[in-house]
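Asker: Protein chains in written order, with UniProt numbering: chain C, 1 to 263; chain Z, 1 to 303.
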């Protein structure tokens with residue numbers, strides 16, 4: 001479903017700030033495979049997601065989604081394939097527009113937008129049914145402006161908007177990191193449900209090792225722009241946080257002191 | 001005073017255009033001063049040359065569409081800052097408008113214009129003409145309400161609200177910006193064409209400072225009618241435009257110098273923009289404070 005072949009990306013090449021974000025990364029995701037991505041700050045996790053989404057273009061290598069080469073396509077032309085939820089709950093929705101308008105925008109993902117009414121009665125019924133599945137009571141607030149919702153509600157709505165039009169690939173960029181623990185738990189559960197229901201090929205970046213182990217069918221760990229651990233299936237089911245820390249220590253070759261991994 | 005209301009209703013067409021860029025696209029577009037004159041100049045010169053006034057007015061609006069498109073291209077493809085892109089088009093249009101009119105003004109005396117039937121029937125300055133101009137503004141408002149609620153219109157709204165989000169759903173924000181700017185300046189130029197016929201001439205300076213009148217109308221309208229949805233917001237813009245013209249009329253009647261009107265307008269807009277930010281006034285219920293309290297209000301479904 002998603003194939004990255006020898007993808008490299010360097011920021012500020014040829015300057016003193018030159019930084020190799022990704023080095024010769026190859027990754028292949030099978031349909032409906034749910035992969036979690038962990039790694040310390042600067043490991044290249046976000047760069048990986050941005051390259052898949054088209055917010056960045058690679059210096060070399062190729063990116064293929066469901067048989068189509070998308071390496072050089074800008075983000076808006078890849079949108080038909082990709083649903084995305086950002087870390088910032090404000091990023092995924094239009095704040096001055098209503099819940100139903102936001103959903104209508106999401107429903108037309110990747111299609112040409114013409115002069116048909118954005119929100120129709122039949123769409124509204126569909127939106128209500130979908131919102132009810134979030135169990136947040138939003139189904140009765142279709143005409144509420146999204147800016148009035150709490151962070152957790154907005155993130156749940158962003159997740160619905162990213163998934164209900166059934167993209168080929170779902171990208172989650174630390175989408176629970178900015179929420180309080182109970183909200184993060186809710187959005188995590190909704191994520192698992194949505195991926196299951198729509199059989200989405202998913203790439204989820206997280207800082208939370210426990211979450212990375214609990215969710216998904218495959219786990220990759222990145223370090224300094226490379227994939228250093230890649231476990232799937234039973235091997236992943238058996239893995240523990242201690243195993244991951246051990247693996248990380250081995251890769252690093254030195255003592256372990258990265259606080260961001262300890263969360 | 002009925003004259004001021006008439007003017008306010010005609011200028012409401014321009015204010016709706018300014019609303020589209022300033023509020024919906026979040027793009028402070030200064031093309032307006034030039035595209036308004038371009039609309040007036042194009043319509044006037046065509047009428048003088050015997051073109052049907054309806055066709056001439058439409059051509060005036062089309063001139064605005066082109067002007068807006070140019071600003072849009074400068075901003076999106078050229079990567080030029082919005083304010084500068086607008087100013088560049090506006091300055092360029094100054095020369096173009098002089099070329100269109102082949103001089104600094106075109107009188108429309110004894111020409112058959114859209115306003116002539118009203119003048120002949122002696123309804124100008126009465127309730128009849130107010131109703132006619134109100135109907136015109138209302139038609140444009142309703143079409144705009146409808147357009148902004150279509151799939152394309154929602155994409156334009158989201159472009160001003162959260163461009164990264166709307167791009168992630170497959171919309172080319174360059175295109176929505178250019179389209180929004182073109183439509184906005186089309187409305188502004190349509191207004192220019194109507195004003196030229198209403199006042200009986202097109203003039204190179206007819207658009208100077210017009211952006212301030214447009215902004216004043218938008219801000220004034222939204223101060224008296226807090227906009228929650230598009231339908232209300234566009235109605236508020238029309239009300240704001242009428243109110244602005246009436247305020248100017250009153251200022252003239254109490255004996256202020258007409259030459260000072262631009263300064264009065266500028267001060268009005270500054271006050272409307274600055275007053276809501278002063279802490280003393282924040283306690284007075286205004287749109288700003290109502291919005292803020294609504295934003296932190298605990299909501300029912302939030303568990």
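We put the beta carbon where it would ideally sit given N, CA and C, even for glycine.
Looking at residue 86 of chain Z and residue 69 of chain Z, is the spacing between their C-beta atoms short of 7 Å?
Answerer: Reading the second chain from its first residue, position 69 is the one you call residue 69 of chain Z. Reading the second chain from its first residue, position 86 is the one you call residue 86 of chain Z. No, the pair does not count as a contact, with Cβ atoms beyond the cut-off.
Asker: With residue 232 of chain Z and residue 225 of chain Z assumed to form a contact (beta carbons below 8 Å), what rounded beta-carbon distance in angstroms separates them?
Answerer: Counting from one through the second chain, the residue named residue 232 of chain Z turns up at place 232. Counting from one through the second chain, the residue named residue 225 of chain Z turns up at place 225. With a Cβ gap of about 6 Å, residue 232 of chain Z and residue 225 of chain Z count as contacting.
Asker: Give a yes or no on whether 7 Å exceeds the smallest Cβ distance from residue 168 of chain Z to chain C.
Answerer: Within the second chain, numbered from 1, the residue matching residue 168 of chain Z stands at position 168. Yes, residue 168 of chain Z lies at the interface with chain C (some Cβ there is under 7 Å from its Cβ).
Asker: If you check the beta carbons only, do residue 37 of chain Z and residue 207 of chain Z fall under 7 Å apart?
Answerer: Reading the second chain from its first residue, position 37 is the one you call residue 37 of chain Z. Reading the second chain from its first residue, position 207 is the one you call residue 207 of chain Z. Yes, they are a contact pair.
Asker: Kindly give me the distance between the Cβ atoms of residue 128 of chain C and residue 139 of chain C, rounded to whole angstroms, as I take these residues to be in contact under 8 Å.
Answerer: Along the first chain, one-based indexing puts residue 128 of chain C at 128. Along the first chain, one-based indexing puts residue 139 of chain C at 139. Yes, they are in contact, since the Cβ atoms of residue 128 of chain C and residue 139 of chain C sit about 5 Å apart, within 8 Å.
Asker: Can you give me the C-alpha to C-alpha distance between residue 249 of chain Z and residue 53 of chain Z, rounded to a whole angstrom?
Answerer: As a position in the second chain, residue 249 of chain Z is number 249, starting the count at 1. As a position in the second chain, residue 53 of chain Z is number 53, starting the count at 1. Taking the straight line from one Cα to the other gives about 29 Å.
Asker: Step through the CB atoms of chain C and report whether any lies within less than 7 Å of the CB of residue 144 of chain Z.
Answerer: On the second chain, position 144 is the one that residue 144 of chain Z refers to. Taking Cβ atoms only, chain C never reaches closer than 7 Å to residue 144 of chain Z, which makes this a no.
Asker: Could you tell me the boundaries of the alpha helix (DSSP H) in which residue 97 of chain Z lies?
Answerer: Within the second chain, residue 97 of chain Z is the residue found at index 97, counting from 1. Looking at the DSSP string, the run of the alpha helix (DSSP H) that includes residue 97 of chain Z is 82-101.
Asker: For the alpha helix (DSSP H) that contains residue 84 of chain C, what are its first and last residues?
Answerer: The residue you call residue 84 of chain C lines up with position 84 of the first chain. Counting along the chain, residue 84 of chain C falls outside any alpha helix (DSSP H), though it belongs to the beta strand (DSSP E) covering 82-85.
Asker: Beta strand (DSSP E) containing residue 61 of chain C: first to last residue?
Answerer: Counted from its first residue, the first chain places residue 61 of chain C at position 61. Note, residue 61 of chain C: beta strand (DSSP E), 60-65.
Asker: Looking only at its chain, what residues have a beta carbon closer than 8 Å to the beta carbon of residue 112 of chain C, apart from the 5 residues adjacent to it on each side?
Answerer: Position 112 of the first chain, counting from 1, holds the residue named residue 112 of chain C. If we look at residue 112 of chain C and ignore the five residues flanking it on each side, it has no Cβ neighbours.
Asker: Please tell me whether residue 75 of chain C has its Cβ less than 7 Å away from any Cβ of chain Z.
Answerer: Stepping through the first chain from its first residue, residue 75 of chain C is reached at position 75. It does: the Cβ of residue 75 of chain C has a partner Cβ on chain Z nearer than 7 Å.
Asker: Does the stretch 144-153 of chain C come within contact of the stretch 96-107 of chain C, defined as at least 3 CB pairs closer than 8 Å?
Answerer: Segments in contact, yes.
Asker: Excluding the 5 residues flanking residue 74 of chain C on each side, which residues of the same chain have their C-beta closer than 8 Å to its C-beta?
Answerer: On the first chain, residue 74 of chain C is found 74 positions in, with the first residue counted as 1. So the qualifying residues of the chain are 54.
Asker: Rounding to the nearest angstrom, what Cα-Cα distance links residue 205 of chain Z and residue 144 of chain Z in this structure?
Answerer: Reading the second chain from its first residue, position 205 is the one you call residue 205 of chain Z. Reading the second chain from its first residue, position 144 is the one you call residue 144 of chain Z. C-alpha separation (whole angstroms): 28 Å.
Asker: Using a beta-carbon distance cut-off of less than 8 Å, what residues from the stretch 105-136 of chain C approach chain Z?
Answerer: Residues 105, 106, 108, 109, 110, 111, 113, 114, 115, 116, 117, 118, 119, 136.
Asker: In or out: residue 91 of chain Z buried (at least 16 other Cβ within 10 Å) or exposed?
Answerer: Indexing the second chain from 1 puts residue 91 of chain Z at position 91. Its Cβ having fewer than 16 others within 10 Å, residue 91 of chain Z is exposed.
Asker: Using the C-alpha atoms, what's the distance from residue 100 of chain C back to residue 122 of chain C?
Answerer: Along the first chain, read from residue 1 onward, the residue named residue 122 of chain C stands at position 122. Along the first chain, read from residue 1 onward, the residue named residue 100 of chain C stands at position 100. One C-alpha to the other measures close to 12 Å.
Asker: By how many angstroms is the C-alpha of residue 201 of chain C removed from the C-alpha of residue 30 of chain C?
Answerer: Within the first chain, numbered from 1, the residue matching residue 30 of chain C stands at position 30. Within the first chain, numbered from 1, the residue matching residue 201 of chain C stands at position 201. Each residue's Cα considered, the two are about 7 Å apart.
Asker: Give the DSSP-derived three-state secondary structure of residue 223 of chain C in the structure shown.
Answerer: For the purposes of this step, residue 223 of chain C is taken as residue 223 along the first chain, with counting starting at 1. Strand.
Asker: Report the residue ranges of all alpha helix (DSSP H) runs contained in full by the stretch 151-227 of chain Z; include only those spanning at least 4 residues, in chain order.
Answerer: Within the stretch 151-227 of chain Z, the complete alpha helix (DSSP H) runs of at least 4 residues are 151-161, 163-168, 173-199, 210-224.
Asker: Output yes if chain Z places a C-beta closer than 7 Å to the C-beta of residue 249 of chain C; else output no.
Answerer: Against the first chain, residue 249 of chain C aligns to sequence position 249. Residue 249 of chain C does not count as touching chain Z.
Asker: Taking one C-beta from the stretch 41-56 of chain C and one from the stretch 232-242 of chain C each time, how about it: are there three or more such pairs within less than 8 Å?
Answerer: In short, these stretches do not touch, since the Cβ pair count stays below three.
Asker: Three or more C-beta pairs closer than 8 Å, one from the stretch 161-171 of chain C and one from the stretch 82-91 of chain C: is that the case here?
Answerer: As far as the Cβ criterion goes, the stretch 161-171 of chain C touches the stretch 82-91 of chain C, which means the pair count is three or higher.
Asker: Can you find a C-beta in chain Z that's less than 7 Å from the C-beta of residue 188 of chain C?
Answerer: Taking the first residue of the first chain as position 1, residue 188 of chain C is located at position 188. Closer than 7 Å: no.
Asker: Compute the distance between the beta-carbons of residue 67 of chain Z and residue 42 of chain Z, then report whether it is under 7 Å.
Answerer: Position 67 of the second chain holds residue 67 of chain Z. Position 42 of the second chain holds residue 42 of chain Z. Their beta carbons are not under 7 Å apart, which means residue 67 of chain Z does not touch residue 42 of chain Z by this criterion.
Asker: With a 10 Å radius around its C-beta and 16 neighbouring C-beta atoms as the bar for buried, classify residue 298 of chain C as buried or exposed.
Answerer: Outside the shown range of chain C, which is 1 to 263, sits residue 298 of chain C, and nothing can be said about it.
Asker: Count the other CB atoms, across all protein chains shown, that sit within 10 Å of the CB of residue 207 of chain C; report buried if there are 16 or more and exposed otherwise.
Answerer: Start at 1 with the first residue of the first chain, and residue 207 of chain C comes out as number 207. Burial call: buried.
Asker: Just curious, the alpha helix (DSSP H) that residue 50 of chain C is in, first and last residue?
Answerer: Taking the first chain and counting its residues from 1, the one referred to as residue 50 of chain C is at position 50. 45-53 is the span of the alpha helix (DSSP H), which, as asked, contains residue 50 of chain C.
Asker: Using the beta-carbon count (16 or more within 10 Å), is residue 176 of chain Z buried or exposed?
Answerer: The residue you call residue 176 of chain Z lines up with position 176 of the second chain. Burial call: buried.
Asker: Pull up the distance between the alpha-carbon of residue 112 of chain Z and that of residue 49 of chain Z, whole angstroms please.
Answerer: Here residue 112 of chain Z is taken as the residue at index 112 of the second chain, counted from 1. Here residue 49 of chain Z is taken as the residue at index 49 of the second chain, counted from 1. Rounded to the nearest angstrom, the two C-alpha atoms are 11 Å apart.
Asker: In or out: residue 36 of chain C buried (at least 16 other Cβ within 10 Å) or exposed?
Answerer: Position 36 of the first chain holds residue 36 of chain C. Buried, by the Cβ-count rule.
Asker: Residues bridged to residue 34 of chain C by DSSP?
Answerer: As a first step, residue 34 of chain C is located in the first chain; it is residue number 34 there, counting from the start. C/202.
Asker: Relative to chain Z, which residues along the stretch 168-197 of chain C have a C-beta separation below 8 Å, given in chain order?
Answerer: Those residues of the stretch 168-197 of chain C that come within reach of chain Z (Cβ to Cβ, closer than 8 Å) do not exist; the list is empty.
Asker: I'd like to know if residue 1 of chain C contacts chain Z, where contact means its C-beta is closer than 7 Å to some C-beta of that chain.
Answerer: Here residue 1 of chain C refers to the residue found at position 1 when the first chain is read from its first residue. So no, residue 1 of chain C is outside the interface.
Asker: Can you tell me which of the three DSSP states residue 77 of chain Z falls into?
Answerer: Taking the first residue of the second chain as position 1, residue 77 of chain Z is located at position 77. Note: residue 77 of chain Z maps to coil in three-state DSSP.
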